[in-house]
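First comes the structure, then the notes that go with it.
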Ligand code: ADP
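Residue numbers (our numbering): 282 to 888.
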């Protein structure tokens with residue numbers, strides 16, 4: 282065992298080129314090497330793949346890695362091959378002959394590691410053939426797909442729960458980034474009959490900046506956010522396929538390298554977008570949630586939502602795709618009440634059982650309170666996942682704390698307008714009555730004769746919309762989806778209306794007066810190092826294009842930054858760079874050191 286542990290350490294340093302394990306990696310690897318069952322719950326970017334790749338490499342037995350995501354399998358395969366590891370794959374996107382060849386190499390022991398999609402693994406024929414081989418380890422990646430409690434349940438994943446009975450001599454372990462407590466127990470039960478050790482790594486992703494904006498004009502809000510991010514990669518999430526097309530063409534018209542991505546596009550187009558995103562610098566993919574699960578790109582610098590996600594789990598998973606390399610990355614959610622109405626309607630109109638609908642509505646409630654909280658966002662977010670931190674100092678509320686104002690009287694004005702109009706109308710109508718708008722609809726219904734008509738005219742439409750959202754977030758109002766999103770007063774809302782219970786609201790600022798916090802993509806490198814970094818990036822892109830590889834599989838951003846700062850000139854120095862092992866040293870150190878050499882010479886000459 283200690284022999285294998287020292288091999289694991291060697292592999293980390295000499296094959297992957299990393300100087301040390303990240304939190305929990307060592308513990309997990311030790312556990313796996315001692316052939317014990319395990320479920321690891323670690324946030325995106327924590328380094329899950331290494332936790333099973335190293336045991337797979339070190340072990341003398343064979344390993345099968347199961348993933349629902351073809352793109353992810355392909356990326357991991359090419360990364361491992363670059364390191365010189367023999368590894369195979371069998372999934373729906375490779376042809377019959379390739380699959381046969383891969384299988385034969387795995388069977389005769391030429392390769393000890395194979396990636397498989399669940400549907401290819403769980404055929405009678407495959408399971409039969411595997412019985413005669415010495416399979417040490419089954420790794421179930423994205424293990425939450427096995428549980429009905431999770432949000433991405435897949436029938437073909439559920440079948441994996443048979444592995445523990447079919448291969449009692451083998452170990453089965455699972456990895457996931459998203460699972461609340463109930464889901465964790467369910468997964469552990471499915472993969473290991475409840476015997477698995479569950480290791481949960483804190484969910485905090487301190488390098489992600491969290492911010493939320495009220496939707497006014499998404500076009501200008503998006504442009505403002507993206508204006509200094511043309512050189513970096515990012516994702517903009519939209520709710521609908523149509524939305525992605527619209528936003529992508531808007532961004533293209535404004536000079537961005539933008540592409541739409543959704544499940545309605547044919548496979549070929551989707552693959553092309555994905556390939557470009559992995560390889561080109563400075564591209565923005567505008568996508569539905571169909572995009573991202575299998576994207577193993579560590580240098581995504583921002584994630585923007587222009588619609589409300591379905592839950593905090595979904596939101597955290599989606600923003601979690603940014604900054605896997607640990608470098609500072611930004612997230613922005615732009616949402617309006619329309620999004621909320623739409624989300625509620627989607628839940629109501631689904632075929633699901635009532636219990637499920639109720640749970641989904643609750644999830645949305647949490648998301649809304651996250652959006653409207655005046656406190657540290659990360660605190661609330663992590664609290665939801667049973668994790669605790671102090672103020673984060675990396676969210677909009679921490680950096681520009683909102684003022685709380687007594688809004689009891691204003692709330693009473695709004696609530697009584699809702700009450701007097703019969704709790705029958707949506708926010709547009711209610712706000713129009715409140716602001717005294719003499720519109721046909723209002724006059725037809727005689728609402729201009731109500732005592733509440735015009736009692737809130739001193740505030741803008743935007744102000745009231747924001748105010749409504751805050752009352753909703755604190756549960757004083759609810760949306761009745763069966764009545765087209767009409768606003769209704771809850772018991773606590775009645776308490777404000779009738780008994781004057783205190784209601785404090787978060788100061789609502791006029792967008793143009795909002796203090797602009799500079800969230801520039803600032804670099805801590807000096808001018809010279811920065812210019813070297815740009816040259817190194819250019820070289821990386823050329824190599825990536827020539828070898829048809831995603832740029833980051835050549836070297837990560839972190840490795841390039843290290844090079845720009847440390848300026849290695851010998852092989853020994855080059856090996857010190859984070860993420861450089863012997864294989865990459867041999868392949869690429871010369872062209873990179875050449876650029877560094879030229880850069881240093883040019884500087885000397887100018888001095
Ligand atoms: P996850 O699957 O948990 O989202 P990955 O396995 O894709 O995360 O790892 C995220 C990034 O971190 C990858 O680029 C990986 O190479 C890098 N990484 C993993 N472990 C280490 C380590 N010990 N030191 C440095 N980088 C690491």
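We put the beta carbon where it would ideally sit given N, CA and C, even for glycine.
- Residues 489, 515, 516, 581, 582, 583, 584, 610, 611, 612 of the same chain have their beta carbon placed closer than 8 Å to that of residue 603, with the five preceding and five following residues left out of the count.
- Between residue 576 and residue 352 a beta carbon distance of about 7 Å is seen, short of the 8 Å cut, so the two are scored as contacting.
- DSSP, read as helix, strand or coil, puts residue 510 in coil.
- The region 334 to 348 makes contact with the region 284 to 299; the number of CB pairs closer than 8 Å reaches 3 or more.
- Boundaries of the beta strand (DSSP E) around residue 612: 610 to 616.
- Three or more pairs of CB atoms, one per stretch, sit closer than 8 Å, so the region 691 to 707 contacts the region 778 to 791.
- The residues 624, in chain order, have a CB closer than 6 Å to that of residue 645 in the same chain once the five nearest residues on each side in sequence are set aside.
- Per the coordinates, the alpha-carbon of residue 545 lies some 50 Å from the alpha-carbon of residue 881.
- For residue 847, the enclosing alpha helix (DSSP H) stretches over residues 838 to 847.
- No Cβ-Cβ contact shorter than 8 Å links residue 747 with residue 706.
- The DSSP assignment places complete beta strand (DSSP E) segments of no fewer than 3 residues inside the region 712 to 763 at 758 to 761, in order along the chain.
- The DSSP-derived three-state label of residue 366 is coil.
- The region 408 to 448 contains, as complete alpha helix (DSSP H) runs of 4+ residues, the segments 436 to 439, 444 to 447 (chain order).
- Contact annotation: residue 659 and residue 491 have beta-carbon atoms nearer than 8 Å.
- In the structure shown, residue 303 adopts coil according to DSSP, grouped into three states.
- With respect to residue 715, residue 685 sits apart: the two C-beta atoms are not nearer than 8 Å.
- In the three-state reduction of the DSSP assignment, residue 582 falls in the strand class, which pools E and B.
- Distance from the CA atom of residue 438 to the CA atom of residue 811, rounded to whole angstroms, is 46 Å.
- Shown here, residue 457 sits in a strand according to DSSP, grouped into three states.
- Between residue 820 and residue 755 a beta carbon distance of about 54 Å is seen, past the 8 Å cut, so the two are scored as non-contacting.
- The C-beta separation of residue 469 from residue 479 comes to about 6 Å, placing the pair in contact by the 8 Å criterion.
- For the set 427, 572, 666, the Cα lying nearest the Cα of residue 551 is the one of 572.
- Short of 7 Å from the beta carbon of residue 657, and not among the five residues preceding or following it, lie these beta carbons of its own chain, in chain order: 672, 673, 676, 678, 679.
- For residue 329, the shortest C-beta to heavy atom distance toward ligand 1 is below 7 Å.
- Straight across, the Cα-Cα distance linking residue 426 with residue 458 is about 11 Å.
- Relative to the Cα of residue 387, the nearest Cα in the group 400, 401, 371 belongs to 371.
- CA-CA distance, residue 663 to residue 525, rounds to 29 Å.
- In the displayed model, residue 548 falls within a helix according to three-state DSSP.
- If one requires a minimum length of 3 residues, the beta strand (DSSP E) runs lying completely within the region 584 to 656 are 610 to 616, in chain order.
- Taking a C-beta distance under 8 Å as the contact criterion, residue 345 and residue 403 do not qualify as a contact pair.
- One alpha carbon belongs to residue 538, the other to residue 383, and they sit about 37 Å apart.
- Under the three-state reduction of DSSP output, residue 555 falls in the helix class.
- Per DSSP, reduced to three states, the secondary structure at residue 830 is coil, with no helix or strand assignment.
- Boundaries of the alpha helix (DSSP H) around residue 334: 329 to 339.
- Residue pairing from DSSP leaves residue 823 without any beta-bridge partner.
- At a Cβ-Cβ threshold of 8 Å, residue 343 and residue 414 count as neighbours.
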